[in-house]
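Residue numbers (my numbering): 182 to 376.
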């Protein structure tokens, strides 16, 4: 079973090429910096992901995914540029929209709210927020409707946004028994914004 999974989601030239192209594009579009975490690598089928893994939201299709060596954690990424280099110049940054989306991901009953509950979201503050160079950064538990990559049943989300740059989402997929908070802490700054 493990061999089949590795074969299906193995690293290859195409995935590396797409990842590099994507990251270079986001660096130019929204000033996003990415550092590959230790013992993680890109997976082949990162782009062909169903949009219906979250409950009830259907906003996200992972642009690419990385997975750790023992396959206990997969991290999917979604970005939305809202700055001056965005492909639709007339789009204006909307802080309220970002808050409504993550409220929906964390709790569908909170959809459309533009305030973030500190009992639901763990916020980066002080030096941690400064290191991300974001206006807001936080982690939270994400609802799921079905397993990601047909094997991960639980999800923790990281998100951050910065005016004139955009919105960044990292979804940590895992299963019961995985020390997910350890991974969140170790990779707390794998994504940062430029000034």
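Think of the CB as a built atom: it goes at the ideal place given N, C-alpha and C, for glycine as much as any other residue. Computed from a predicted structure; not experimentally measured.
query, result
"Separation of residue 217 from residue 353, as counted between CA atoms", "14 angstroms"
"Residue 350 classed as buried or exposed, judged by whether at least 16 other C-beta atoms fall within 10 angstroms", "buried"
"Host alpha helix (DSSP H) of residue 365 (start-end)", "361-367"
"Pair within 8 angstroms by beta-carbon distance, residue 359 and residue 339", "no"
"Three-way DSSP call (helix, strand, coil) for residue 279 in this model", "helix"
"Burial state of residue 315, where buried means 16 or more other Cβ atoms lie within 10 Å", "buried"
"Sub-8 angstroms separation of residue 287 and residue 323 beta-carbons", "yes"
"Reduced DSSP category for residue 390 - H, G, I as helix; E, B as strand; rest coil", "Outside the modelled stretch of the chain, which goes from 182 to 376, sits residue 390, for which no answer is possible."
"Integer-rounded CB distance, given that residue 297 should sit under 8 angstroms from residue 341", "Actually they are not in contact, since the Cβ atoms of residue 341 and residue 297 sit about 12 angstroms apart, beyond 8 angstroms."
"As assigned by DSSP and simplified to three states, the class of residue 223", "strand"
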